[in-house]
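*Asks:*
Numbering (the numbering used here), first residue to last: 200 to 352.
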């Protein structure tokens, strides 16, 4: 797994979110289906990737499934608009069994520590799912996405 430091430019995203305890993370895949059924409601969309910002806290987790937009002219009812600022991240592409996703994050955190970085808990982490990998990600067992953990030195 190749890990690198990258800086992403600011993005405007619109989508749906979920907050709950870690024991309820199985609800997250349903968010992708829900957004797919409502994508036509989102105006001024840019690109075809799903951008998934998230907060991971000690007691609970907030996960958003969003798409990038040019502007927040009209946010559909029940959706959220997020302004993602420019941010520096540790980044890699995960491609493997769904049960191994957590281990990929452990590997990234280990690499960050070795390189003298810490996670910036004031910024959102990201997972970016590309349209060309949709068939992979629709399977029950396999996942492919780019993961981004926000950094501070």
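C-beta: ideal position from N, C-alpha, C; glycine also.
Could you spell out where the alpha helix (DSSP H) holding residue 235 opens and where it closes?
*Replies:* Taken as a continuous stretch (DSSP letters only), the alpha helix (DSSP H) holding residue 235 covers 227-235.
*Asks:* Using only the alpha-carbon positions, how far apart do residue 345 and residue 311 sit?
*Replies:* Their backbone Cα atoms lie some 16 Å apart in a straight line.
*Asks:* Keeping to the same chain, check which residues put their C-beta closer than 7 Å to that of residue 245; ignore five residues upstream and five downstream.
*Replies:* Correct list, in chain order: 267, 268 and 269.
*Asks:* When we look at the beta-carbon of residue 320 and count the other beta-carbons within 10 Å, is it buried (16 or more) or exposed?
*Replies:* When all chains shown are included, residue 320 counts as exposed.
*Asks:* If we ignore side chains and look at the alpha-carbon of each, how far apart do residue 285 and residue 208 end up?
*Replies:* Rounded to whole angstroms, residue 285 to residue 208 spans 4 Å at the Cα level.
*Asks:* Check whether the region 299-309 touches the region 223-242, taking contact to mean three or more Cβ pairs, one atom from each stretch, closer than 8 Å.
*Replies:* The region 299-309 vs the region 223-242: no contact.
*Asks:* Only counting runs of 4 or more residues, tell me where the alpha helix (DSSP H) segments fall wholly within the region 241-316, in order along the chain.
*Replies:* Those alpha helix (DSSP H) runs which fall completely within the region 241-316 and span 4+ residues are 300-313.
*Asks:* Please return the same chain residues whose Cβ sits closer than 7 Å to the Cβ of residue 283, not counting the five positions on each side in sequence.
*Replies:* The residues are 209, 210, 212, 252 and 323.
*Asks:* Alpha carbon to alpha carbon, what distance is there between residue 254 and residue 218?
*Replies:* Rounded to the nearest angstrom, the two C-alpha atoms are 9 Å apart.
*Asks:* Whose C-beta lies closer than 6 Å to the C-beta of residue 301 among residues of the same chain, with five residues either side of it excluded?
*Replies:* Closer than 6 Å at the Cβ level, and outside the excluded window around residue 301, lies no residue.
*Asks:* Excluding the 5 residues flanking residue 332 on each side, which residues of the same chain have their C-beta closer than 6 Å to its C-beta?
*Replies:* The answer, listed in chain order, is 343.
*Asks:* Decide if residue 142 is buried, meaning its Cβ has at least 16 other Cβ atoms within 10 Å, or exposed.
*Replies:* The structure shown does not extend to residue 142, since the chain spans only 200 to 352, so no value can be given for it.
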